[in-house]
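*Asks:*
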Amino acid sequence: MTRSTAIIISASALGYSGYIGSSPKMQGNSSEDRTAIFGQIDQLAYMEMERWRVPGFAIGIIVEGDIVYAQGFGYRDPNLELEVTTATNFSLASITKSFTAMAVGLMVEDGLLGWDTPVHEVLPEFELCDPDLSSNVTFRDLLSHRTGLADKDELWTSGDYISSEILEHIDELEIAGPLRHHFEYSNVLYITSAELVRKITGSTWDVLATRRLLKPMGMSDTGFSVEQLLQSNEYSFSFSDRKGVYVTNEFPGPEHNAWYFTRGSGSMYSNVDDMARWILFQLNEGQYDGKQLVSEQIVRVMHEPQILIDTPLFYVNYPGITHHAYGMGWFLDEYRGHPRVHHGGASMGYSNYITLFPEDEIGIVILSNREVMMPVELMYYISDILLKLPQEDWASRFEEFVPAD
18 MTRSTAIIIS
28 ASALGYSGYI
38 GSSPKMQGNS
48 SEDRTAIFGQ
58 IDQLAYMEME
68 RWRVPGFAIG
78 IIVEGDIVYA
88 QGFGYRDPNL
98 ELEVTTATNF
108 SLASITKSFT
118 AMAVGLMVED
128 GLLGWDTPVH
138 EVLPEFELCD
148 PDLSSNVTFR
158 DLLSHRTGLA
168 DKDELWTSGD
178 YISSEILEHI
188 DELEIAGPLR
198 HHFEYSNVLY
208 ITSAELVRKI
218 TGSTWDVLAT
228 RRLLKPMGMS
238 DTGFSVEQLL
248 QSNEYSFSFS
258 DRKGVYVTNE
268 FPGPEHNAWY
278 FTRGSGSMYS
288 NVDDMARWIL
298 FQLNEGQYDG
308 KQLVSEQIVR
318 VMHEPQILID
328 TPLFYVNYPG
338 ITHHAYGMGW
348 FLDEYRGHPR
358 VHHGGASMGY
368 SNYITLFPED
378 EIGIVILSNR
388 EVMMPVELMY
398 YISDILLKLP
408 QEDWASRFEE
418 FVPAD
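Heads up, the sequence shown is in my numbering, so the first residue is 18 and it goes up one at a time.
#1: Cα-Cα, which of Gly380, Ser284, Ile315 and Tyr178 is closest to Gly240?
#2: Find the nearest neighbour of Ile296 within the set Thr339, Asp258 and Leu231, judged by alpha-carbon distance.
#3: Mind checking Asp350: buried by the 16 CB within 10 Å criterion, or exposed?
#4: Does the region 210-222 come close enough to the region 285-294 that 3 or more CB-CB pairs lie under 8 Å?
#5: What number of angstroms, rounded off, separates the C-alpha of Ile76 from the C-alpha of Gly89?
#6: Which residue comes first and which comes last in the alpha helix (DSSP H) that contains Glu351?
#7: So for Tyr305, helix, strand or coil by DSSP?
#8: In angstroms with no decimal places, state the Cα-to-Cα distance between Ser282 and Ile84.
#9: List the whole-angstrom C-beta distance separating Ser364 from Phe74, where the pair is believed to meet the contact cut-off of C-beta under 8 Å.
#10: Any idea if His359 is buried or exposed, counting beta-carbon neighbours within 10 angstroms, 16 or more meaning buried?
#11: For Pro135, tell me which candidate among Ile183, Asn153 and Asp149 has the shortest Cα-Cα distance.
#12: In the DSSP assignment, find the unbroken alpha helix (DSSP H) run with Leu145 in it and report its ends.
#13: What number of angstroms, rounded off, separates the C-alpha of Ser413 from the C-alpha of Lys308?
#14: Thr372 by DSSP, collapsed to three states: which one?
#15: Would you list the one or two residues that DSSP bridges to Leu384?
#16: Taking only three categories from DSSP, how would you classify Ile379?
#17: Can you give the Cα-Cα distance for Arg68 and Gly128, rounded to whole angstroms?
#18: Quick check: is the beta carbon of Ala226 nearer than 8 Å to any beta carbon in chain D?
#19: Measure the CB-CB distance between Asp147 and Glu201 and report whether it falls below 8 Å.
#20: From Asn106 to Thr164, what distance separates their C-alpha atoms?
#21: Mind checking which residues open and close the beta strand (DSSP E) that includes Thr339?
#22: For the region 104-119 and the region 201-211, state whether three or more C-beta atom pairs, one from each stretch, are separated by less than 8 Å.
#23: Using alpha carbons as the reference points, say which of Lys405, Gly361 and Gln408 lies closest to Met390.
#24: If distances are taken between C-alpha atoms only, which option among Leu190, Ser175 and Met124 comes closest to Phe143?
#25: Could you give the C-beta distance for Tyr305 and Met234, rounded to a whole number, given that I count them as a contact under 8 Å?
#26: Would DSSP call Gln323 helix, strand or coil?
#27: Taking the C-alpha atoms as reference points, what is the distance between Val354 and Gln323?
#28: With distance defined between alpha-carbon atoms, name the residue in Gln248, Pro72, Gly56 and Leu166 nearest to Arg259.
#29: Look up Asp258 in the DSSP assignment and say whether it is helix, strand or coil.
#30: Hey, how far is the Cα of Met236 from the Cα of Val243?
#31: Mind checking which residues open and close the alpha helix (DSSP H) that includes Gly122?
#32: Output the distance between the C-alpha atoms of Pro392 and Val139, rounded to the nearest integer angstrom.
#33: Which residue marks the beginning of the alpha helix (DSSP H) containing Ala226, and which one marks its end?
#34: Could you spell out where the beta strand (DSSP E) holding Ile84 opens and where it closes?
#35: Following the continuous beta strand (DSSP E) through Ala363, name the residue where it begins and the one where it ends.
#36: Could you name the residues of the same chain whose beta carbon sits closer than 7 Å to that of Ser257, not counting the 5 residues immediately before and after it, in chain order?
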(Lines of atoms letter the chains of each structure in order from A and count residues from 1; the text may use other names and numbers.)
(Lines give C-alpha, C1' and ligand atoms only; values in the text may rest on other atoms or scores of the structure.)
Protein backbone atom coordinates (compact mmCIF):
# COMPACT_ATOMS: atom_id res chain seq x y z
CA MET A 1 0.00 0.00 0.00
CA THR A 2 1.04 3.61 -0.43
CA ARG A 3 2.85 5.10 2.55
CA SER A 4 3.17 8.82 3.14
CA THR A 5 6.45 10.55 3.88
CA ALA A 6 7.26 11.06 7.55
CA ILE A 7 6.70 14.61 8.79
CA ILE A 8 6.77 16.51 12.06
CA ILE A 9 3.62 18.41 12.92
CA SER A 10 2.00 20.06 15.92
CA ALA A 11 -1.08 18.56 17.55
CA SER A 12 -3.15 21.61 16.63
CA ALA A 13 -2.56 21.26 12.89
CA LEU A 14 -3.66 17.62 12.53
CA GLY A 15 -3.17 17.54 8.80
CA TYR A 16 -1.40 14.21 8.75
CA SER A 17 -1.72 10.94 6.93
CA GLY A 18 1.28 8.94 8.13
CA TYR A 19 3.99 8.92 10.77
CA ILE A 20 4.28 12.24 12.55
CA GLY A 21 6.19 14.06 15.20
CA SER A 22 7.82 13.10 18.45
CA SER A 23 6.67 14.05 21.93
CA PRO A 24 9.12 15.25 24.60
CA LYS A 25 8.82 11.82 26.19
CA MET A 26 9.86 10.17 22.94
CA GLN A 27 12.69 12.67 22.49
CA GLY A 28 14.50 10.57 25.06
CA ASN A 29 14.85 7.98 22.35
CA SER A 30 17.22 8.46 19.46
CA SER A 31 15.77 8.91 15.99
CA GLU A 32 16.85 5.33 15.31
CA ASP A 33 14.93 4.17 18.40
CA ARG A 34 11.83 6.06 17.35
CA THR A 35 12.04 4.60 13.86
CA ALA A 36 12.36 1.16 15.43
CA ILE A 37 9.30 1.79 17.64
CA PHE A 38 7.21 2.93 14.69
CA GLY A 39 8.49 0.02 12.63
CA GLN A 40 7.53 -2.39 15.39
CA ILE A 41 4.01 -0.95 15.47
CA ASP A 42 3.81 -1.27 11.69
CA GLN A 43 4.91 -4.88 11.88
CA LEU A 44 2.36 -5.69 14.58
CA ALA A 45 -0.38 -3.95 12.62
CA TYR A 46 0.25 -6.02 9.51
CA MET A 47 0.53 -9.18 11.61
CA GLU A 48 -2.83 -8.48 13.26
CA MET A 49 -4.47 -7.55 9.95
CA GLU A 50 -3.48 -10.93 8.52
CA ARG A 51 -4.24 -12.92 11.68
CA TRP A 52 -7.77 -11.53 12.04
CA ARG A 53 -8.40 -11.01 8.30
CA VAL A 54 -9.36 -7.36 8.66
CA PRO A 55 -9.62 -5.53 5.31
CA GLY A 56 -8.71 -2.12 6.71
CA PHE A 57 -8.13 -0.05 9.83
CA ALA A 58 -6.40 3.05 11.14
CA ILE A 59 -4.29 3.76 14.23
CA GLY A 60 -3.66 7.02 16.06
CA ILE A 61 -1.27 7.45 18.98
CA ILE A 62 -0.89 10.50 21.22
CA VAL A 63 1.98 10.94 23.69
CA GLU A 64 2.31 14.00 25.93
CA GLY A 65 0.06 16.19 23.83
CA ASP A 66 1.54 15.25 20.45
CA ILE A 67 0.26 12.93 17.77
CA VAL A 68 3.32 10.75 17.33
CA TYR A 69 1.85 8.16 15.01
CA ALA A 70 -1.13 8.05 12.66
CA GLN A 71 -1.53 5.56 9.85
CA GLY A 72 -4.11 3.79 7.74
CA PHE A 73 -3.73 0.15 6.73
CA GLY A 74 -5.47 -1.88 4.07
CA TYR A 75 -8.65 -0.91 2.27
CA ARG A 76 -11.92 0.84 3.02
CA ASP A 77 -13.23 -0.88 -0.10
CA PRO A 78 -11.13 -3.87 -1.24
CA ASN A 79 -13.20 -4.31 -4.40
CA LEU A 80 -12.31 -0.82 -5.63
CA GLU A 81 -8.88 -0.86 -3.91
CA LEU A 82 -9.70 2.33 -2.00
CA GLU A 83 -7.16 2.62 0.81
CA VAL A 84 -7.82 3.50 4.43
CA THR A 85 -6.31 6.83 5.49
CA THR A 86 -6.43 8.72 8.76
CA ALA A 87 -9.41 10.63 7.30
CA THR A 88 -11.45 7.47 6.68
CA ASN A 89 -14.64 7.40 8.75
CA PHE A 90 -15.74 4.30 10.66
CA SER A 91 -18.74 3.70 12.90
CA LEU A 92 -17.66 4.30 16.52
CA ALA A 93 -20.35 2.02 17.97
CA SER A 94 -20.20 2.13 21.79
CA ILE A 95 -17.33 4.63 21.89
CA THR A 96 -20.28 6.98 21.31
CA LYS A 97 -21.07 6.60 25.02
CA SER A 98 -18.18 8.88 26.03
CA PHE A 99 -19.75 11.66 23.93
CA THR A 100 -23.23 11.04 25.33
CA ALA A 101 -21.92 11.18 28.89
CA MET A 102 -20.10 14.43 28.08
CA ALA A 103 -23.32 15.92 26.68
CA VAL A 104 -24.94 15.26 30.07
CA GLY A 105 -21.81 16.73 31.65
CA LEU A 106 -22.46 19.95 29.76
CA MET A 107 -25.87 20.15 31.44
CA VAL A 108 -24.18 19.68 34.81
CA GLU A 109 -21.68 22.39 33.86
CA ASP A 110 -24.56 24.72 33.00
CA GLY A 111 -26.28 24.10 36.34
CA LEU A 112 -29.35 22.48 34.81
CA LEU A 113 -28.90 19.41 37.01
CA GLY A 114 -26.37 17.56 39.16
CA TRP A 115 -24.88 14.13 38.65
CA ASP A 116 -26.88 12.96 41.67
CA THR A 117 -30.12 14.68 40.77
CA PRO A 118 -32.90 12.07 40.54
CA VAL A 119 -34.05 12.02 36.94
CA HIS A 120 -37.67 12.04 38.13
CA GLU A 121 -37.17 15.46 39.75
CA VAL A 122 -36.29 17.01 36.41
CA LEU A 123 -38.64 14.89 34.32
CA PRO A 124 -41.68 13.63 36.25
CA GLU A 125 -42.67 11.49 33.26
CA PHE A 126 -39.52 9.36 33.74
CA GLU A 127 -41.01 6.00 34.74
CA LEU A 128 -39.31 2.65 35.24
CA CYS A 129 -40.84 -0.70 36.17
CA ASP A 130 -40.69 0.10 39.89
CA PRO A 131 -41.96 3.35 41.52
CA ASP A 132 -39.16 3.49 44.10
CA LEU A 133 -36.56 3.00 41.38
CA SER A 134 -38.21 5.69 39.25
CA SER A 135 -37.95 8.13 42.16
CA ASN A 136 -34.32 7.40 43.02
CA VAL A 137 -32.36 6.73 39.81
CA THR A 138 -29.94 9.59 39.13
CA PHE A 139 -28.09 10.75 36.04
CA ARG A 140 -24.91 9.27 37.54
CA ASP A 141 -26.70 5.91 37.82
CA LEU A 142 -27.79 5.97 34.17
CA LEU A 143 -24.33 6.79 32.85
CA SER A 144 -22.44 4.30 35.04
CA HIS A 145 -24.66 1.25 34.32
CA ARG A 146 -25.56 0.82 38.00
CA THR A 147 -29.36 1.12 37.94
CA GLY A 148 -29.75 -2.62 38.49
CA LEU A 149 -31.92 -2.82 35.37
CA ALA A 150 -31.24 -5.51 32.80
CA ASP A 151 -30.72 -4.23 29.27
CA LYS A 152 -33.25 -4.96 26.55
CA ASP A 153 -31.47 -4.37 23.26
CA GLU A 154 -34.44 -5.50 21.19
CA LEU A 155 -36.12 -2.19 22.02
CA TRP A 156 -33.77 -0.56 19.51
CA THR A 157 -32.33 -3.44 17.46
CA SER A 158 -35.82 -4.40 16.31
CA GLY A 159 -36.01 -1.10 14.45
CA ASP A 160 -39.56 -0.58 15.68
CA TYR A 161 -38.82 2.70 17.46
CA ILE A 162 -36.81 5.83 16.88
CA SER A 163 -34.70 6.91 19.85
CA SER A 164 -37.25 9.38 21.20
CA GLU A 165 -39.88 6.63 21.32
CA ILE A 166 -37.63 4.28 23.29
CA LEU A 167 -37.93 6.63 26.27
CA GLU A 168 -41.62 5.69 26.39
CA HIS A 169 -40.76 1.99 26.76
CA ILE A 170 -38.06 1.97 29.45
CA ASP A 171 -40.61 0.69 31.97
CA GLU A 172 -40.20 -2.64 30.14
CA LEU A 173 -36.66 -3.04 31.52
CA GLU A 174 -36.65 -5.64 34.29
CA ILE A 175 -34.82 -5.44 37.60
CA ALA A 176 -31.69 -7.61 37.66
CA GLY A 177 -30.41 -6.43 41.03
CA PRO A 178 -30.54 -3.63 43.60
CA LEU A 179 -29.79 -0.03 42.66
CA ARG A 180 -26.04 0.80 42.80
CA HIS A 181 -25.03 -2.72 43.80
CA HIS A 182 -23.67 -4.17 40.58
CA PHE A 183 -22.71 -3.34 37.00
CA GLU A 184 -25.36 -4.01 34.35
CA TYR A 185 -24.33 -2.68 30.92
CA SER A 186 -27.26 -0.98 29.18
CA ASN A 187 -27.50 0.43 25.69
CA VAL A 188 -31.13 1.38 26.24
CA LEU A 189 -30.32 3.63 29.20
CA TYR A 190 -27.67 5.47 27.15
CA ILE A 191 -30.26 6.04 24.45
CA THR A 192 -32.48 7.31 27.27
CA SER A 193 -29.72 9.60 28.57
CA ALA A 194 -29.34 11.23 25.16
CA GLU A 195 -33.08 11.75 24.91
CA LEU A 196 -33.12 13.34 28.37
CA VAL A 197 -30.73 15.99 27.01
CA ARG A 198 -33.38 16.91 24.44
CA LYS A 199 -36.16 16.92 27.02
CA ILE A 200 -34.25 19.21 29.39
CA THR A 201 -32.45 21.60 27.02
CA GLY A 202 -34.77 21.59 24.02
CA SER A 203 -31.74 20.73 21.90
CA THR A 204 -30.88 17.21 20.78
CA TRP A 205 -27.71 15.72 22.27
CA ASP A 206 -25.96 15.66 18.89
CA VAL A 207 -26.64 19.36 18.27
CA LEU A 208 -25.44 20.22 21.79
CA ALA A 209 -22.30 18.09 21.44
CA THR A 210 -21.53 19.53 18.00
CA ARG A 211 -21.90 23.14 19.13
CA ARG A 212 -20.03 22.84 22.44
CA LEU A 213 -17.46 20.13 21.67
CA LEU A 214 -16.99 19.05 18.07
CA LYS A 215 -16.92 22.47 16.41
CA PRO A 216 -14.53 24.08 18.94
CA MET A 217 -12.19 21.10 18.49
CA GLY A 218 -12.42 21.06 14.71
CA MET A 219 -13.94 17.56 14.64
CA SER A 220 -15.63 18.39 11.35
CA ASP A 221 -15.70 14.83 10.00
CA THR A 222 -17.43 13.35 13.04
CA GLY A 223 -21.17 12.74 12.95
CA PHE A 224 -24.04 10.99 14.64
CA SER A 225 -25.91 8.68 12.27
CA VAL A 226 -25.64 6.28 9.35
CA GLU A 227 -27.44 8.91 7.30
CA GLN A 228 -24.62 11.41 7.94
CA LEU A 229 -21.89 8.77 7.52
CA LEU A 230 -23.08 7.97 4.01
CA GLN A 231 -22.85 11.66 3.14
CA SER A 232 -19.34 12.10 4.56
CA ASN A 233 -16.28 12.70 2.39
CA GLU A 234 -14.55 9.39 2.97
CA TYR A 235 -16.01 6.39 4.77
CA SER A 236 -15.30 2.70 5.01
CA PHE A 237 -17.79 -0.04 4.45
CA SER A 238 -17.67 -2.90 6.94
CA PHE A 239 -17.04 -6.47 5.86
CA SER A 240 -17.66 -10.09 6.72
CA ASP A 241 -15.33 -12.92 5.79
CA ARG A 242 -17.13 -15.78 4.07
CA LYS A 243 -14.79 -18.63 3.28
CA GLY A 244 -11.89 -16.30 2.60
CA VAL A 245 -13.88 -13.78 0.58
CA TYR A 246 -14.67 -10.30 1.92
CA VAL A 247 -18.38 -9.53 1.63
CA THR A 248 -19.59 -5.96 2.05
CA ASN A 249 -22.14 -5.52 4.84
CA GLU A 250 -25.22 -3.52 3.97
CA PHE A 251 -25.96 -0.38 5.97
CA PRO A 252 -29.34 -0.23 7.72
CA GLY A 253 -31.84 1.97 5.91
CA PRO A 254 -34.22 4.62 7.27
CA GLU A 255 -36.84 1.96 7.96
CA HIS A 256 -34.58 0.60 10.71
CA ASN A 257 -35.19 3.68 12.85
CA ALA A 258 -32.76 3.62 15.82
CA TRP A 259 -30.12 1.87 13.70
CA TYR A 260 -30.21 4.58 11.04
CA PHE A 261 -30.77 7.76 13.04
CA THR A 262 -28.96 9.24 16.06
CA ARG A 263 -28.63 6.96 19.08
CA GLY A 264 -26.85 7.85 22.31
CA SER A 265 -25.63 4.30 22.81
CA GLY A 266 -23.64 3.92 19.61
CA SER A 267 -24.60 5.75 16.41
CA MET A 268 -21.60 8.06 15.97
CA TYR A 269 -18.85 7.80 13.38
CA SER A 270 -15.41 9.39 13.16
CA ASN A 271 -11.85 8.94 11.94
CA VAL A 272 -8.37 8.87 13.46
CA ASP A 273 -7.76 12.55 12.67
CA ASP A 274 -10.80 13.64 14.67
CA MET A 275 -10.46 11.06 17.44
CA ALA A 276 -6.94 12.34 18.10
CA ARG A 277 -8.60 15.60 19.08
CA TRP A 278 -11.04 13.78 21.37
CA ILE A 279 -8.11 12.04 23.08
CA LEU A 280 -6.26 15.34 23.55
CA PHE A 281 -9.42 16.86 25.06
CA GLN A 282 -9.75 13.94 27.48
CA LEU A 283 -6.08 13.83 28.51
CA ASN A 284 -6.07 17.62 28.98
CA GLU A 285 -9.15 17.37 31.24
CA GLY A 286 -11.54 19.37 29.09
CA GLN A 287 -9.04 21.75 27.53
CA TYR A 288 -8.34 21.95 23.81
CA ASP A 289 -5.97 24.32 22.05
CA GLY A 290 -5.70 26.46 25.17
CA LYS A 291 -9.45 26.76 25.70
CA GLN A 292 -11.30 25.09 28.59
CA LEU A 293 -14.39 23.68 26.85
CA VAL A 294 -15.67 22.00 30.00
CA SER A 295 -14.36 22.15 33.57
CA GLU A 296 -11.62 19.79 34.70
CA GLN A 297 -13.92 18.38 37.37
CA ILE A 298 -16.51 17.28 34.82
CA VAL A 299 -13.90 15.21 32.97
CA ARG A 300 -12.30 13.89 36.14
CA VAL A 301 -15.53 12.51 37.56
CA MET A 302 -16.17 10.64 34.32
CA HIS A 303 -12.77 8.99 34.71
CA GLU A 304 -13.44 8.01 38.35
CA PRO A 305 -14.90 4.63 39.39
CA GLN A 306 -18.67 4.83 39.90
CA ILE A 307 -19.34 1.09 40.11
CA LEU A 308 -17.00 -1.88 40.48
CA ILE A 309 -17.11 -4.68 37.93
CA ASP A 310 -16.85 -8.12 39.50
CA THR A 311 -16.34 -10.10 36.31
CA PRO A 312 -13.34 -9.13 34.14
CA LEU A 313 -14.32 -8.32 30.58
CA PHE A 314 -12.67 -8.09 27.17
CA TYR A 315 -12.26 -11.77 26.43
CA VAL A 316 -8.90 -12.21 28.06
CA ASN A 317 -8.09 -13.31 31.58
CA TYR A 318 -4.86 -11.55 32.49
CA PRO A 319 -3.68 -11.08 36.10
CA GLY A 320 -1.97 -7.80 35.20
CA ILE A 321 -5.35 -6.10 34.67
CA THR A 322 -6.89 -5.16 38.03
CA HIS A 323 -9.41 -2.80 39.69
CA HIS A 324 -12.14 -3.23 37.08
CA ALA A 325 -14.74 -0.46 37.23
CA TYR A 326 -16.92 1.82 35.14
CA GLY A 327 -16.90 5.60 35.25
CA MET A 328 -19.33 7.52 33.06
CA GLY A 329 -18.90 6.60 29.42
CA TRP A 330 -15.62 4.80 30.16
CA PHE A 331 -14.34 1.50 31.49
CA LEU A 332 -11.59 1.86 34.09
CA ASP A 333 -8.87 -0.42 35.42
CA GLU A 334 -5.15 -0.69 36.04
CA TYR A 335 -3.09 -2.27 33.31
CA ARG A 336 0.15 -3.67 34.73
CA GLY A 337 0.18 -0.88 37.32
CA HIS A 338 -0.86 1.91 34.94
CA PRO A 339 -4.33 3.50 35.47
CA ARG A 340 -6.31 3.08 32.28
CA VAL A 341 -9.48 4.69 30.85
CA HIS A 342 -10.88 2.89 27.82
CA HIS A 343 -13.85 1.74 25.78
CA GLY A 344 -14.53 -0.53 22.87
CA GLY A 345 -17.18 -0.43 20.21
CA ALA A 346 -18.51 -3.13 17.90
CA SER A 347 -21.57 -2.80 15.70
CA MET A 348 -22.68 -3.07 12.05
CA GLY A 349 -19.52 -5.00 11.22
CA TYR A 350 -17.09 -2.42 12.67
CA SER A 351 -14.82 -2.90 15.67
CA ASN A 352 -12.86 -0.18 17.49
CA TYR A 353 -10.97 0.60 20.65
CA ILE A 354 -9.85 3.76 22.43
CA THR A 355 -7.47 3.72 25.38
CA LEU A 356 -6.13 6.49 27.62
CA PHE A 357 -3.32 6.23 30.15
CA PRO A 358 -3.84 9.61 31.87
CA GLU A 359 -0.86 9.43 34.22
CA ASP A 360 1.41 8.48 31.32
CA GLU A 361 -0.17 11.04 28.96
CA ILE A 362 -0.73 8.36 26.35
CA GLY A 363 -3.76 7.76 24.14
CA ILE A 364 -4.41 5.13 21.48
CA VAL A 365 -7.31 4.76 19.05
CA ILE A 366 -7.85 1.93 16.57
CA LEU A 367 -10.79 1.94 14.14
CA SER A 368 -11.47 -1.06 11.89
CA ASN A 369 -13.95 -2.34 9.33
CA ARG A 370 -14.46 -5.92 10.50
CA GLU A 371 -16.22 -6.91 13.73
CA VAL A 372 -13.51 -9.01 15.36
CA MET A 373 -11.27 -8.56 18.41
CA MET A 374 -8.25 -7.29 16.45
CA PRO A 375 -8.38 -3.68 17.78
CA VAL A 376 -8.33 -4.90 21.38
CA GLU A 377 -5.49 -7.35 20.82
CA LEU A 378 -3.43 -4.80 18.87
CA MET A 379 -4.11 -2.17 21.52
CA TYR A 380 -2.46 -4.40 24.14
CA TYR A 381 0.62 -4.91 21.97
CA ILE A 382 0.95 -1.16 21.35
CA SER A 383 0.37 -0.35 25.04
CA ASP A 384 3.26 -2.60 26.03
CA ILE A 385 5.55 -0.83 23.57
CA LEU A 386 4.62 2.70 24.65
CA LEU A 387 4.69 1.88 28.37
CA LYS A 388 8.03 0.10 27.88
CA LEU A 389 6.72 -3.11 29.41
CA PRO A 390 7.84 -6.66 28.66
CA GLN A 391 5.91 -7.88 25.62
CA GLU A 392 3.15 -10.40 26.21
CA ASP A 393 2.09 -12.95 23.61
CA TRP A 394 -1.39 -11.46 23.27
CA ALA A 395 -2.28 -13.53 20.23
CA SER A 396 -1.94 -16.72 22.28
CA ARG A 397 -3.91 -15.26 25.18
CA PHE A 398 -6.76 -14.16 22.93
CA GLU A 399 -6.73 -17.47 21.08
CA GLU A 400 -7.89 -19.15 24.30
CA PHE A 401 -11.08 -17.07 24.32
CA VAL A 402 -11.84 -15.89 20.78
CA PRO A 403 -9.89 -17.78 18.13
CA ALA A 404 -9.22 -15.82 14.96
CA ASP A 405 -10.65 -17.11 11.69
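Built from N, CA and C at the ideal position, the CB exists for glycine as well.
*Replies:* A quick look at the data gives this:
#1: Ser284
#2: Leu231
#3: buried
#4: no
#5: 6 Å
#6: Per DSSP, Glu351 belongs to no alpha helix (DSSP H); it is in the beta strand (DSSP E), Phe348 to Tyr352.
#7: strand
#8: 28 Å
#9: Incorrect: roughly 15 Å between the Cβ atoms, too far for contact.
#10: buried
#11: Asn153
#12: First-last for Leu145: undefined, no H or E at that position.
#13: 44 Å
#14: strand
#15: Ala75 and Asn369
#16: strand
#17: 50 Å
#18: You won't find chain D in this structure, because it holds only one protein chain.
#19: no
#20: 33 Å
#21: Ile338 to Tyr343
#22: yes
#23: Gly361
#24: Leu190
#25: 5 Å
#26: coil
#27: Looking at the sequence shown, residue 354 is not Val but Gly. In a straight line, the C-alpha of Gly354 is about 20 Å away from that of Gln323.
#28: Pro72
#29: strand
#30: 17 Å
#31: Thr113 to Glu126
#32: 39 Å
#33: Trp222 to Ala226
#34: Asp83 to Asp94
#35: His355 to Ser364
#36: Val264, Asn266 and Gly366
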